[in-house]
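S.K.: Per the numbering used here, the very first residue in the sequence shown carries number 2; after that it's consecutive. Cβ atoms here follow ideal geometry from the backbone N, Cα and C, with glycine treated the same way.
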Amino acid sequence: MYHRLAPSSARGLLYVALAGIAWGTGGPTGALLFQYSGLNSTAISFWRLVGGAVWLAVACRLLGRRRTVHEFAAAPLRYLLSGLGLAVCQVGYFAAIPRVGIAVATVVSLGVGPLFIALGARERITGALLLAVLGLALLVCGGGGAGGTSIAGIAFSLLSGAGYAVGTLLNRGQQDPISSAMLGLGAGALILLPLAMTERITPASGSWPLLAYFGLVPTALAYASFYAGLKAVRVSTAAVVALIEPLLAALIGVLAFHEHLRPLSLIGAAVLLVAIVVQAVGGGSGDRR
Numbered sequence: 002m003y004h005r006l007a008p009s010s011a012r013g014l015l016y017v018a019l020a021g022i023a024w025g026t027g028g029p030t031g032a033l034l035f036q037y038s039g040l041n042s043t044a045i046s047f048w049r050l051v052g053g054a055v056w057l058a059v060a061c062r063l064l065g066r067r068r069t070v071h072e073f074a075a076a077p078l079r080y081l082l083s084g085l086g087l088a089v090c091q092v093g094y095f096a097a098i099p100r101v102g103i104a105v106a107t108v109v110s111l112g113v114g115p116l117f118i119a120l121g122a123r124e125r126i127t128g129a130l131l132l133a134v135l136g137l138a139l140l141v142c143g144g145g146g147a148g149g150t151s152i153a154g155i156a157f158s159l160l161s162g163a164g165y166a167v168g169t170l171l172n173r174g175q176q177d178p179i180s181s182a183m184l185g186l187g188a189g190a191l192i193l194l195p196l197a198m199t200e201r202i203t204p205a206s207g208s209w210p211l212l213a214y215f216g217l218v219p220t221a222l223a224y225a226s227f228y229a230g231l232k233a234v235r236v237s238t239a240a241v242v243a244l245i246e247p248l249l250a251a252l253i254g255v256l257a258f259h260e261h262l263r264p265l266s267l268i269g270a271a272v273l274l275v276a277i278v279v280q281a282v283g284g285g286s287g288d289r290r
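(1) For my contact list, G143 and G25 are in at a C-beta cut-off of 8 Å; report their separation, rounded to the angstrom.
(2) Alpha carbons only, please: which of A243, Q175, T203, P210 is nearest the one belonging to A229?
(3) In this structure, does DSSP put H261 in helix, strand or coil?
(4) For L160 and L273, what's the separation of their Cα atoms in angstroms?
(5) Within a Cβ cutoff of 6 Å, which residues of the same chain sit near T107, ignoring the five residues on either side of it in sequence?
(6) Give me the Cα-Cα distance between V17 and A233, rounded to the nearest whole angstrom.
(7) What did DSSP end up calling G65 once you bin it into helix, strand or coil?
(8) With 16 as the cutoff for other CB atoms within 10 Å, does E260 come out buried or exposed?
(9) Give the DSSP-derived three-state secondary structure of V234 in the structure shown.
(10) So is A96 buried or exposed if we call it buried at 16+ other beta carbons inside 10 Å?
(11) If we require 4 or more residues per run, which alpha helix (DSSP H) segments fall completely within the segment 180-246?
(12) Tell me whether Q280 is buried or exposed, calling it buried when 16 or more other Cβ atoms sit within 10 Å of its Cβ.
(13) Decide if L57 is buried, meaning its Cβ has at least 16 other Cβ atoms within 10 Å, or exposed.
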């Protein structure tokens, strides 16, 4: 039986949904950056994290939040591990793509993320969560061409999902999600810097507007909103609701890039949407512990 959502839970779900929508624009933006920036995936990930940290630093400045150094000094390991999780999430995903293809890498990394989060938070793995993973698999792989089954590729995908889970679990219940996101993104950028410097790191001049957007919306706005939502809803619920991301990415692909979804993908989208609503109503009705 479902109950009316408390105002704080409803607000938290809205923050998480906003994060999913913002993340959903990241895939198309990343595809454009691959085409026009002249950078490899690691360098693009580095600039994404740098951009997100810079935008959030500006936000902290405008909001008068000047204690970020003290916050880092109070819990340096948390922010370093959060940054490591963000870096691993990025690198693992892009390392998996040439080995198993985009579809499998997406399904495994996004699919296991909520499962790892539920296990790490010791929360129940609900039917809606499993239904969401099924819908995600149908949405992404329903068009065929799912890719290979390289063990290394699957391992990198699992690593990406684990990195996402670590960052999520470490940032639940943070009092200042903007500062927390800024410190985590900044730490992640520093961790990625040595890898990014092994090849070209300076982007083509015409790609700076895209990089600025990449840092602002699918990174700064997305992570700050997601961490804000974690203050009010269970982390496993937040992880499922954030799967709005692949739904929006698919919609952008259809509208902006004239891609076509096959019937199985459409069924997957419907299943995923139902799972998100069920998890939001059922899991968002309780207080976060």
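M.R.: Inspection of the coordinates gives the following:
(1) The sequence position of residue 143 within the sequence shown is 142, counting from 1. The sequence position of residue 25 within the sequence shown is 24, counting from 1. Not a contact, Cβ separation roughly 18 Å.
(2) Locating residue 229 in the sequence shown gives position 228, where the first residue counts as 1. It is Q175.
(3) Locating residue 261 in the sequence shown gives position 260, where the first residue counts as 1. Correct three-state label for H261: coil.
(4) Numbered from 1 along the sequence shown, position 159 holds the residue referred to as residue 160. Numbered from 1 along the sequence shown, position 272 holds the residue referred to as residue 273. A straight-line Cα-Cα distance of about 23 Å links L160 and L273.
(5) Stepping through the sequence shown from its first residue, residue 107 is reached at position 106. Contacts found: V141.
(6) Here residue 17 refers to the residue found at position 16 of the sequence shown. Here residue 233 refers to the residue found at position 232 of the sequence shown. Those two C-alpha atoms are separated by around 10 Å.
(7) Looking up residue 65 in the sequence shown gives position 64. DSSP places G65 in coil when its eight states are reduced to three.
(8) As a first step, residue 260 is located in the sequence shown; it is residue number 259 there, counting from the start. Exposed: under 16 other Cβ atoms inside 10 Å.
(9) Residue 234 sits at position 233 when you count from the first residue of the sequence shown. Residue state, collapsed to three classes: coil.
(10) Translated into the one-based positions of the sequence shown, residue 96 becomes position 95. That one is buried.
(11) At a cut-off of 4 residues, the continuous stretches assigned as alpha helix (DSSP H) that sit fully inside the segment 180-246 are 209-216, 223-230, 236-242.
(12) Within the sequence shown, residue 280 is the residue found at index 279, counting from 1. Answer is buried; the Cβ neighbour count reaches 16.
(13) Position 56 of the sequence shown holds residue 57. Classification of L57: buried, given that the 10 Å Cβ count is 16 or more.
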